[in-house]
Every structure is written in structure tokens, then in C-alpha cells.
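Trainee:
Residue numbers (full-length UniProt numbering): 1 to 125.
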């Protein structure tokens with residue numbers, strides 16, 4: 001177990017595995033989802049996006065030292081955000097919703113959302 005808080009947005013698979021309750025599969029899934037969908041905004045966002053992490057498990061992981069730190073994204077889109085008049089939000093891709101959008105904002109086709117054709121988490125329909 002880490003002796004200090006571990007930021008889920010910058011942690012490696014090995015660092016995540018050191019957190020009590022995170023095994024190799026969960027650590028890999030967290031990192032892959034972070035690479036695919038961008039930074040986690042909260043522990044709730046983590047539990048919404050990572051299969052197998054519900055609200056109770058997210059609370060347990062938080063108690064074990066896992067955190068979602070606020071601040072500048074690691075390697076994400078924010079290159080022009082500091083310039084006057086520049087938008088910190090990238091434009092939406094043509095013909096679809098912006099990546100990471102959920103619920104009514106997601107581009108849905110046949111009841112599935114834009115996340116590789118998977119069903120959205122319960123409660124978002």
C-alpha cells in the first residue's frame with residue numbers, strides 16, 4: 001500500500017498494483033481507459049468508466065490511497081489553453097460527440113454509445 005496518495009491520472013500499472021485492492025487486470029484496465037478516454041475527473045468518473053469498479057470499490061480504493069488529483073492533464077490536449085482567446089476544450093470531431101461525453105451528449109446509435117459500441121453505464125439512458 002502506498003504511503004502517500006497516488007494520482008490515478010499519472011500512475012503506472014506497477015504503481016496501481018501497489019494499491020490494496022488493485023490487481024494486474026484492474027491496473028491494466030485503468031491505464032488503458034485513461035489512454036483511451038483521457039483524464040479521470042473524479043473517483044465517480046473512474047467507477048463509471050472502468051468495468052469492475054463500482055462506487056463501493058472506488059471508496060475502498062480511495063481509502064487505500066488512490067486519488068484523482070486536480071491540475072494540469074498529463075499529456076492531454078491543453079497546448080494552447082494558456083493563450084488569450086484560446087479554448088481549453090478541443091473541437092468536437094466531425095459527425096459525432098466529443099470524446100468522453102456521456103448520456104444525452106454522447107452520439108448514440110442503436111442504443112449504444114460512442115465508446116466502441118459498448119452499452120453505456122446504467123443510469124445514463
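Every residue gets a Cβ at the ideal spot worked out from N, C-alpha and C, and that includes glycine.
Apply the 10 Å Cβ neighbour rule to residue 54 and answer buried if 16 or more other Cβ atoms are within range, or exposed otherwise.
Mentor: Mapped onto the chain shown, residue 54 falls at position 54. Exposed, because fewer than 16 other Cβ atoms sit within 10 Å of the Cβ of residue 54.
Trainee: Under 8 Å by Cβ, that's how I've got residue 26 and residue 65 pegged, so tell me the actual separation to the nearest angstrom.
Mentor: Working through the chain shown from its first residue, we reach residue 26 at position 26. Working through the chain shown from its first residue, we reach residue 65 at position 65. Their Cβ separation, rounded to whole angstroms, is 15 Å, which puts residue 26 and residue 65 out of contact at 8 Å.
Trainee: Helix, strand or coil: how does DSSP classify residue 78 here?
Mentor: Start at 1 with the first residue of the chain shown, and residue 78 comes out as number 78. Because residue 78 sits at a pLDDT of 38, beneath the cut-off of 50, its placement in the model cannot be relied upon, and the point is left open.
Trainee: Quick one: grab the DSSP three-state call for residue 15.
Mentor: Taking the first residue of the chain shown as 1, we reach residue 15 at position 15. Helix.
Trainee: Would you report the Cα separation of residue 9 and residue 63, rounded to the nearest angstrom?
Mentor: In the chain shown, residue 9 corresponds to position 9, counting from 1. In the chain shown, residue 63 corresponds to position 63, counting from 1. So the alpha carbons of these two residues sit roughly 17 Å apart.
Trainee: Across which residues does DSSP place residue 66 in a beta bridge pair?
Mentor: Numbered from its first residue, the chain shown carries residue 66 at position 66. BP columns for residue 66 point to 6.
Trainee: Where do the ends of the alpha helix (DSSP H) carrying residue 34 lie?
Mentor: Start at 1 with the first residue of the chain shown, and residue 34 comes out as number 34. 24-37 is the span of the alpha helix (DSSP H), which, as asked, contains residue 34.
Trainee: Contact defined as beta carbons within less than 8 Å: I believe residue 40 pairs with residue 22. What is the distance between those atoms, to the nearest angstrom?
Mentor: Counting from one through the chain shown, the residue named residue 40 turns up at place 40. Counting from one through the chain shown, the residue named residue 22 turns up at place 22. About 14 Å separates the two Cβ atoms, so there is no contact after all.
Trainee: Which residue's Cα is closest to the Cα of residue 43: 37, 57, 31?
Mentor: To locate residue 43, count along the chain shown from 1; it is residue 43. Taking only the C-alpha atoms, the option nearest residue 43 is 57.
Trainee: Is residue 49 buried or exposed, if buried means 16 or more other CB atoms sit within 10 Å of its CB?
Mentor: Counting from one through the chain shown, the residue named residue 49 turns up at place 49. By the 10 Å Cβ count, residue 49 comes out buried.
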